[in-house]
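Accompanying notes for the structure given below.
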Amino acid sequence: MTAGFYKNQHQKDMNAKEKWINETMGALDGIRRAHVNPELIDGFTTKIIHQKQKTSKIRPAVLWRVAATLAILISLNILGAIYYRQSYNTSQETTKAVASEYLYYLGPIKL
Amino acid sequence: MVLSPVIKKLREGDEQTFRELVEQFRERVFNTALGMLQHQQNAEDVTQEVFLEVFRSVARFRGDCSLSTWIYRITVQKSLEHIRSGQRKKRSGFIFSIFGMEDQVNIATEAPFYHPGIQLENRERAAILFSAIAKLPVNQRTAFVLHKVDGLSQTEIAEIMKVTISSVESLMVRAKQRLRELLAYYYEKNEK
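Same order as they appear, the protein sequences are chains Y and V.
With the numbering used here, the residue at position 11 of the first sequence is 11, and numbering never jumps.
Add 111 to a position in the second sequence, counting from 1, and you land on the number used in the numbering used here.
Below, the structure written as structure tokens:
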């Protein structure tokens, strides 16, 4: 066996490998579209449309009720906060008035 | 921005228009998903998810690209979500190396995927090629599948992937290089 023989054999192997790779790389040439099951598609198309219609029917009524409830709740909260603030100020003023009057009658505190 | 009558009708929830849209795009969506996922059931699931998304989000479609591009984008996105979430069933198969080094040999236990649109004489080799495609990084995989399986032009792929045409060219070159490396390794291990 000479070096030339091994060189030729190696070259043959390389050529076979390159040929195989090239052929494999081209295996998708001429690929055709796969067909999808039409019944499956029809089924879910109908399902999607019905889901949307169902949602559309429910949505306005529920939406208005939720919006009205939220509006009432927010209004009540705001009114409550305003009333509390006013009553807090009034009670503070009353306390100050009572305290000053009471301390006035007691006279200055002697330690 | 001028919206086509089809988009307007879809936004109004027109049932017939939606059915026509599904009819027109179902095979394109399914084949893209099938090429990306290499799994019939998952491709059917993605097809359903795509049309559901189209129906739900058509109101947000701004018309800055064609309807076809938009649907392809959703298909690619949904397919990538499936790949990333690992929902694809693991199958037994052959040993593969990405880098050709023993310590970096990637063992994939996946059964061959036989695409129904492949000619019979190419069936086995296409299955090997699909296994190699599954090893590509997602961007290369997307560009390669859209080009080779769906037959889209580089311009169309660039629009779908929101990249420049030169980026698509680069992705394709790198994908082919990587595939050749993977196939060479497979040949050394199995075919020689």
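Built from N, CA and C at the ideal position, the CB exists for glycine as well.
Going by C-alpha positions, residue 288 of chain V is about 38 Å away from residue 38 of chain Y.
Judged by DSSP secondary structure, residue 143 of chain V falls within the alpha helix (DSSP H) whose first and last residues are 126-148. With respect to the 9 Å criterion, residue 17 of chain Y and residue 183 of chain V are not classified as neighbours on the basis of their beta carbons.
Just measuring C-alpha positions, the residue of V/170, V/135, V/158, V/153 sitting nearest residue 179 of chain V is V/135.
Residue environment analysis places residue 91 of chain Y among the exposed positions, since fewer than 16 neighbouring C-beta atoms fall within 10 angstroms of its C-beta. Under the Cβ distance rule, residue 287 of chain V counts among the residues neighbouring chain Y, one pair being separated by less than 9 Å. Residue contact with chain Y for residue 236 of chain V: present (Cβ-Cβ distance below 9 Å to some residue of chain Y). For a Cβ distance threshold of 8 Å, residue set 17, 21 of chain Y lies close to residue 295 of chain V, ordered along the chain.
Within the same chain, and ignoring the five residues on either side of residue 145 of chain V in sequence, the residues whose Cβ sits closer than 6 Å to its Cβ are 154. Rounded to the nearest angstrom, the gap between the Cα atoms of residue 125 of chain V and residue 169 of chain V is 12 Å. The residue among Y/8, Y/25, Y/5, Y/9 with its C-alpha nearest the C-alpha of residue 243 of chain V is Y/25. With fewer than 16 neighbouring CB atoms inside 10 Å of its own CB, residue 35 of chain Y falls in the exposed class. At least one CB atom of chain V sits nearer than 9 Å to the CB of residue 44 of chain Y. Closer than 8 Å at the C-beta level to chain Y, one finds these residues of the stretch 246-260 of chain V: 259, 260. Residue 272 of chain V counts as buried, since no fewer than 16 other beta carbons sit within 10 angstroms of its beta carbon.
With contacts defined as CB atoms closer than 9 Å, residue 31 of chain Y and residue 158 of chain V fail to qualify as a contacting pair. Under the Cβ criterion of 9 Å, residue 228 of chain V is counted among the residues facing chain Y. Secondary structure of residue 42 of chain Y (DSSP, three-state): helix. At a Cβ-Cβ threshold of 9 Å, residue 166 of chain V and residue 118 of chain V do not count as neighbours. When the beta-carbon positions are compared, residue 132 of chain V and residue 48 of chain Y stay at least 9 Å from each other.
For the pair residue 270 of chain V and residue 190 of chain V, the CB atoms are not nearer than the 9 Å cut-off. Assignment of residue 194 of chain V by DSSP, reduced to helix, strand and coil, places it in the helix class. When C-alpha distances from residue 261 of chain V are compared across V/123, V/128, V/115, V/138, the shortest belongs to V/138.
Within the stretch 133-159 of chain V, 133, 137, 138, 141, 142, 145, 155, 158, 159 place their CB atoms closer than 7 Å to a CB of chain Y, listed in sequence order. The C-beta separation of residue 251 of chain V from residue 195 of chain V comes to about 15 Å, leaving the pair out of contact by the 8 Å criterion.
Around the beta carbon of residue 142 of chain V, 16 or more other beta carbons lie within 10 angstroms, which makes this residue buried. The C-alpha of residue 70 of chain Y lies about 46 Å from the C-alpha of residue 274 of chain V.
Judged by DSSP in its simplified three-state form, residue 31 of chain Y adopts coil rather than helix or strand. Collapsing the DSSP output to three states places residue 186 of chain V in a helix.
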